[in-house]
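Chains as they are written, first to last, in this note's numbering: chain A, 46 to 361; chain B, 1270 to 1597; chain C, 309 to 878.
Glycine residues also receive a C-beta, built at the ideal position from the N, C-alpha and C atoms.
Note sheet for the following structure.
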């Protein structure tokens, strides 16, 4: 836009990249090796998820490539290990390393989708609740209160349980992903709504909003153009931490056997399957997916923790 | 004070009614209750008769009223799966879950609060950083994975502790307790730690955040400027002010321990309500699901009431404002 | 030997962009029983001095050079435990905001007794007796009863008295008071200052009084130390500094204080401080885009007429009507504003003056009464679309320069928003051109358009606000305390700008302020409000010379009688 102006200003502000590199947030990022490490790890997981078919040495879903003769092989450094399968194989002869890459892909996908679902629902309701106020606000917040009395995992379980009995079995398999995303997503909206409502209550009384009203601008535009950008900071922090929680919730549901269908296993499914072999000494089937899950969640949590501190000027 | 508590009880009843409505909706409209109760060989006439007898043809409000009244008495009908009254099933399982939750809650509070206070006061100490890092790992470890790791280590490799069940229990009236036998206590250790760990880290981080917030306030600064020693500022001024917000959220957290027990019970095959519920979901045993839902809401409401009263005791602003406005 | 001696103090705050020096080689002394005023605008480093003396600098701040002596004993090198024994016992501290300075969860008694027992060897009974005595000394009625209450049961002024009592617990030799009256209303302010003056005299306590307010200094301090950007500009007896200041900065600062006793054509220009640009000569507003707002000229008569305005807020919601509590923020207020005049509304906080402005601009819908603007009843307009042409003709300037601009938008977009909304420009290029012109008019320059609000100072932001308000070519401008958040030198510039614009563009203005001298300089006619009621309306000069209502007289009495150096008077 700046280039098309009639009279170019004599000195202009630096571009967004320069401003970003000069910002306090970037500065604090560079000063924290742990944060950089977790950012790199998260990025690796994302890349792994995006390009899983290219990276994984085997396709665990391709029945032709699975040989039951390879079943339950330990990792390569142990006696009886096979160089082809770094982390060993599971009871059906699938390569653990490949199933973990594909499992992380499923976990990340479900986690992301449900966080986005929560954000859209929570931020929307929070904005409306805070700006409109009155009875609508009271109604939304009471619903939020009641929902808060049940942990997310219970709500997700209930929704899954209901879906199970309402949908025919064949369809359930097909829709399992959407049911899961809906269940995890709807169990997380409250926190966004409460935070956004609180910020909106503060922002709507600020004078820049009143200035917009004096100009004559309507509530929808004020909400979207003025208030929304000013309440998104905390949302970003919650979303990061929520992504970690959503991944854990998905893993837990899958572990309990009500999550993703076993044909497309997530990390949680892998741990569940492996759990049955724990007592017979085949620990790798459950421990390696477990380590992958913890690393992924830990990296995201570390990022979220840092982001929260970096965005809170009082802590500096 | 009495108005305040009455008001809260009224709100609690509203919450219970809402939850009962959801539970009723589940029971009545998810699947056909008749189909779930009777076998394949029941005739149409028998079904119609049963439907009439159970009052499933009555008006919605009448049905809901009956459901709520029965729920208040603790009656939720028959389990589809076990063919026994749900109330019996719950009564059998309740002690196991409550004992587990109680020990976990105490563990979480007794360890979590001091750690939170310590990390707030010694913000930049080496031990604080260690605690903070451990707490991050704590919230990054899914509960079921903690359980599995404990089982692997102490159960399978070291063989120190039992890996499933409650051990031997002693019956005291209808209540069964594992506290009085050594195998019962041993069985409790791993599940209790598993369940407590996540809450503990949450409580610690919450206390730390609130305390840091309080330590930045003007009255803390003014206290220091009057020469009050750190000990006083930290433990008299700051801690009391920290407790006000902490009580609410901690109450919520502890309430959720009972429901969180689902995962732990499932990992350790702990014979509690959570295990019953997860099996009910697998088998679409709606009456059990509905009863569990109402029961969890009830515990939550009771804990919330206690929290409100505590809040009232701690914060004088509430007391006086109420008294003033009650006057006219 | 003085009570307190500070020699060559230097305080630095290390940051990632180099060290910020908050205080440069500061030397000053305080004698027993003396009140030393430290005055300066924001960023002068005056609060840092107090914190450095008692050893409570906010990290990472650090005293990097200099010496501090209390009665000849060096105190800046003491270890933490020894410093703590001095705090409260020998040096007392009073902070700005009484609402946040007291622990909300402990009774006044607990806080007083614990502090007394910390420093003096007294048992519970004696300590309590002393606490009651102290409360009595700071003028709290029924100290025996009130000592058992909690802070929230006291009003702001009373709480500040409790804070003073706490500072006096162990009979300190020195008190450092950091803006002790800034958060209080004028009438309460006068009482607290009197109290502090009396206490210092009676108990022979030395005091450092840190403030930005020349009026407070003139009334309270024996000597004054003027600071600017971390350096002492000059120190001297109060009468000398106020009457015959030596330093240019002091001269500028004093002459920028609005005069209560006489109306001037315009505010004296402050020369010492940068970023002061007067309205440029480069614009002939009569032919400029902005000058088109003169299209309404010649209409004459009353532009705005408010009749029986009423605004009621619910302060406690309840399902039952009889349990609800209401506040009548504005109660039966009627007034007229003539075309081309500046109408002032004055009153203390909570008087309802801002609510009136918000009703006129449509932020609040009045619960009663009518507002006629240029003959149209605004309260009868139902839709936003209907109201839009009238909204365009009236704009508002707000108090807080930090919250009145959306921090996520560039200045260009902030100012262009009303232009686009009211379709004031035929093309994007034209709109941008108008934005640049407006920024020139308010003295910021077109380059400011590319920047974000946080890159500007408070005064500059207020200029951006003015530019935004002008962007719809309004004929009626409402200013709600437009300068009360600004330093006095910046206030003078902004007020001059407003005055120039008003005259050049023939604007009608509603000017709201709690500051009587400012009102006198700016307004043609003035209304006085209290508790939601309009008590009196008069020509400005008549109101100041011959007030009718008792409350007006009371307000005028409380006005600081600050008559200082006036070299730059026009």
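Item to complete: Report the rounded CA-to-CA distance for residue 1272 (chain B) versus residue 1503 (chain B), giving the unit in angstroms.
Response: 35 Å
Discussion item. Suppose you measure from the CA of residue 1289 (chain B) to the CA of residue 1337 (chain B); what does that come to, to the nearest Å?
Written reply: 6 Å
Fill in: Positions along the region 274 to 289 of chain A whose CB lies within less than 7 Å of some CB in chain C
274, 275
Worksheet item: Do you know how far the Cα of residue 1555 (chain B) is from the Cα of residue 671 (chain C)?
Response: 52 Å
Fill in: Three-state secondary structure (DSSP) of residue 737 (chain C)
helix
Discussion item. For a quick check, are the C-beta atoms of residue 399 (chain C) and residue 480 (chain C) less than 7 Å apart?
Written reply: yes
Practice prompt. Can you grab the Cα-Cα spacing for the pair residue 320 (chain C) / residue 485 (chain C), in whole Å?
Written response: 22 Å
Discussion item. For a test of the three-state rule: what should DSSP assign to residue 1550 (chain B), helix, strand or coil?
Written reply: helix
Worksheet item: With distances taken between CB atoms, is the gap from residue 517 (chain C) to residue 447 (chain C) smaller than 7 Å?
Response: no
Practice prompt. Alpha carbon to alpha carbon, how far is residue 532 (chain C) from residue 543 (chain C)? Give it in angstroms, no decimals.
Written response: 6 Å
Discussion item. Once DSSP output is grouped into helix, strand and coil, what is the label at residue 1444 (chain B)?
Written reply: strand
Item to complete: Report the neighbours of residue 1577 (chain B) on chain C: residues whose CB is nearer than 8 Å to its CB, in chain order.
Response: Within chain C, no residue comes near residue 1577 (chain B); the closest Cβ sits about 17 Å away, beyond 8 Å.
Fill in: For residue 1412 (chain B), the first and last residue of its enclosing beta strand (DSSP E)
Taken as a continuous stretch (DSSP letters only), residue 1412 (chain B) belongs to no beta strand (DSSP E), being part of the alpha helix (DSSP H) at 1412 to 1419.
Worksheet item: Should residue 617 (chain C) go down as buried or exposed, given a rule of 16 or more other Cβ atoms within 10 Å for buried?
Response: buried
Worksheet item: What is the C-beta distance between residue 965 (chain C) and residue 857 (chain C), in whole angstroms, given that I count them as a contact (C-beta under 8 Å)?
Response: Given a span of 309 to 878 for chain C in the structure shown, any question on residue 965 (chain C) remains unanswerable.
Practice prompt. Would you be able to state if there are at least three C-beta pairs under 8 Å between the region 704 to 712 of chain C and the region 245 to 254 of chain A?
Written response: yes
Worksheet entry | Of the residues C:654, C:508, C:520, C:705, the one placed nearest residue 863 (chain C), counting alpha carbons only | C:654
Item to complete: Could you tell me which residues DSSP pairs with residue 323 (chain C) in its beta bridges?
Response: C:326
Practice prompt. Compare the Cα-Cα distances from residue 1508 (chain B) to each of C:413, C:530, C:458, C:832 and report the closest residue.
Written response: C:413
Item to complete: State buried or exposed for residue 528 (chain C), treating a residue as buried only when at least 16 other CB atoms are found within 10 Å of its CB.
Response: buried
Practice prompt. Figure out for me which residue from A:330, A:277, A:317, A:307 has the closest Cα to the Cα of residue 353 (chain A).
Written response: A:277
Item to complete: Name the two residues that bound the continuous beta strand (DSSP E) containing residue 799 (chain C).
Response: Element bounds for residue 799 (chain C): not the beta strand (DSSP E) but the alpha helix (DSSP H), 796 to 813.
Worksheet item: Whose Cβ in chain A lies nearer than 7 Å to the Cβ of residue 324 (chain C)?
Response: 72
Item to complete: Report yes or no: is there a C-beta of chain A within less than 7 Å of the C-beta of residue 1287 (chain B)?
Response: yes
Fill in: Rounded C-alpha distance that separates residue 764 (chain C) from residue 792 (chain C)
17 Å
Practice prompt. Could you tell me if residue 623 (chain C) is buried or exposed, where buried requires 16 or more neighbouring beta carbons within 10 angstroms of its beta carbon?
Written response: exposed
Worksheet entry | Interface partners of residue 397 (chain C) on chain B, CB under 7 Å | 1496
Discussion item. Does chain B have any CB closer than 7 Å to the CB of residue 411 (chain C)?
Written reply: yes
Item to complete: Helix, strand or coil for residue 341 (chain C), going by three-state DSSP, please let me know.
Response: coil
Practice prompt. Give a yes or no on whether the C-beta atoms belonging to residue 404 (chain C) and residue 491 (chain C) are separated by under 7 Å.
Written response: yes
Worksheet entry | Neighbour-count burial assignment, residue 859 (chain C), 16 or more Cβ in a 10 Å radius | buried
Worksheet entry | Nearest-angstrom Cβ-Cβ length linking residue 265 (chain C) and residue 771 (chain C), presumed shorter than 8 Å | The structure shown does not extend to residue 265 (chain C), since chain C is modelled only from 309 to 878, so the question has no answer here.
Worksheet item: Are the C-beta atoms of residue 1506 (chain B) and some chain C residue less than 7 Å apart?
Response: yes
Worksheet item: DSSP on residue 1339 (chain B), reduced to helix/strand/coil?
Response: helix
Discussion item. Quick check: what's the CA-CA separation for residue 452 (chain C) versus residue 1585 (chain B)?
Written reply: 19 Å
Worksheet entry | Three-pair Cβ contact test at 8 Å for the region 256 to 272 of chain A versus the region 311 to 322 of chain A | no
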